[in-house]
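Encoded as structure tokens, the structure appears first; notes follow it.
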Amino acid sequence: MKVQVAVVQMVSSELLADNLAHAESLLAQAAMGGAQLVLLPENFALMGRDEKAKLAIMEMGGDGPIQSWLAAQAQRLSLWLVGGSIPLAAPDGRCYAACLVFDPAGQCQARYDKIHLFDVDLAGGESYRESRTVAPGSTPVAVTTPWGQLGLSVCYDLRFPELYRSYAGAELLVVPSAFTQQTGAAHWECLLRARAIENQAYVLAADQGGLHQNGRQTFGGSMIIDPWGQVLARLDQGEGVALAQVDMEFLRRCRSNLPALQHRRRRQAFCDAYQEI
Numbered sequence: 001m002k003v004q005v006a007v008v009q010m011v012s013s014e015l016l017a018d019n020l021a022h023a024e025s026l027l028a029q030a031a032m033g034g035a036q037l038v039l040l041p042e043n044f045a046l047m048g049r050d051e052k053a054k055l056a057i058m059e060m061g062g063d064g065p066i067q068s069w070l071a072a073q074a075q076r077l078s079l080w081l082v083g084g085s086i087p088l089a090a091p092d093g094r095c096y097a098a099c100l101v102f103d104p105a106g107q108c109q110a111r112y113d114k115i116h117l118f119d120v121d122l123a124g125g126e127s128y129r130e131s132r133t134v135a136p137g138s139t140p141v142a143v144t145t146p147w148g149q150l151g152l153s154v155c156y157d158l159r160f161p162e163l164y165r166s167y168a169g170a171e172l173l174v175v176p177s178a179f180t181q182q183t184g185a186a187h188w189e190c191l192l193r194a195r196a197i198e199n200q201a202y203v204l205a206a207d208q209g210g211l212h213q214n215g216r217q218t219f220g221g222s223m224i225i226d227p228w229g230q231v232l233a234r235l236d237q238g239e240g241v242a243l244a245q246v247d248m249e250f251l252r253r254c255r256s257n258l259p260a261l262q263h264r265r266r267r268q269a270f271c272d273a274y275q276e277i
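Read in the UniProt record's numbering, the sequence shown has 178 at position 178, and its numbers run on one by one without any break.
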């Protein structure tokens, strides 16, 4: 089975309505290109002046204008839509960075809350404390699609391979992101290709890609990668859509010819071996 997929790259601003209008145009472009599964980037609806800005637009899970917009786009274009990340209310006043998956009927089929939060101090004084406004999720989530299992993650999760190992056997992995220019230039592509190779899965990665109103520079480089680690499609900077064909027969051959997933030794086996030394 083959299917056309797409990743959408944006340079989201501080204006929610403008961002949704840009996203709507890009989704229509993806659909015109034949895409049946489309991924939006992290924070597609808003890149605010500061981290607290997202709290002003956060919604309750299952109800809100951004969620309704996602459902309407999926239904209007008759595609599976992975909604990057949007802020959904957490019990402690913070929000979750929630990745929602909608089917072509506009029904929400899955929700994943970003587990790993970006609390870092980078070179040159670039600093982030995502946990001040975002509460961490705790549970990996995979959803069944017509083309197999789809494992969900968001941005900084990419650096934690154990999350993707929990999706072992999934045919598709998605990584909506807003990688910084600094970390993206150093690590973005190599991390994405590693996740594709070690899990023998297609990886769809949609990034923010440009200079935002808040002064933040994101890396871009949105791409689609096959299970052999080959980059099938890529964008550089700016807004746009990258399309590629996912070939499930090629995935099957990769796993059959090099059955690495079957050769895994479970963690307990390593622990037992260590104790015997």
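For glycine and all other residues, C-beta sits at the position ideal for the given N, C-alpha and C.
The structure displayed is predicted, hence computed values, not measured ones.
For Thr133, the secondary structure class from DSSP, reduced to helix, strand or coil, is coil. Burial state of Arg253 is exposed, judged by a 10 Å Cβ sphere holding fewer than 16 other Cβ atoms. By DSSP's assignment, Trp80 forms a beta bridge with Leu37. Rounded to whole angstroms, the separation of the alpha carbons of Val141 and Met60 is 19 Å. The shortest C-alpha to C-alpha distance from Ser12 to any of Gln4, Met1, Leu26 is the one to Leu26.
For Leu163, the enclosing alpha helix (DSSP H) has its first and last residue at 161–165. In this structure, the beta-carbon distance from Met47 to Cys95 does not fall below 7 Å.
Partner residues in the beta bridge of Thr180, as assigned by DSSP, are Thr218. For Ile115, the secondary structure class from DSSP, reduced to helix, strand or coil, is coil.
Out of Gly210, Leu172, Gly221, Ala74, the CA that lies nearest to the CA of Cys108 is found in Ala74. In the three-state scheme derived from DSSP, where H, G and I count as helix and E and B as strand, Lys2 is classed as strand.
Here Ala23 is not near Ala6, since their CB atoms are 7 Å or more apart. The C-beta separation of Ser131 from Asp119 comes to about 5 Å, placing the pair in contact by the 8 Å criterion. Spanning the alpha carbons of Gln4 and Leu16 requires a straight line of approximately 29 Å. If you check the CB distance, Pro65 and Pro176 do not come in under 7 Å.
Taken in chain order, the complete beta strand (DSSP E) segments of 3 residues or longer contained in the segment 204–266 are 223–225, 231–234, 240–247. Contact between Trp80 and Gln36 holds: their C-beta atoms lie close to 6 Å from each other, under 8 Å. Your pair Ala110 and Leu152 checks out as a contact, with CB atoms roughly 7 Å apart and the cut at 8 Å. The C-beta of Met223 has 16 or more other C-beta atoms within 10 Å across all chains shown, which makes the residue buried. Counted as a single uninterrupted DSSP element, the stretch harbouring Gln107 is not any alpha helix (DSSP H), since DSSP gives it neither H nor E. Per DSSP, reduced to three states, the secondary structure at Met32 is helical. Counting the other Cβ atoms within 10 Å of the Cβ of Ser85 gives 16 or more, which makes it buried.
Here the segment 237–257 does not lie against the segment 151–167, with fewer than 3 beta-carbon pairs under 8 Å apart.
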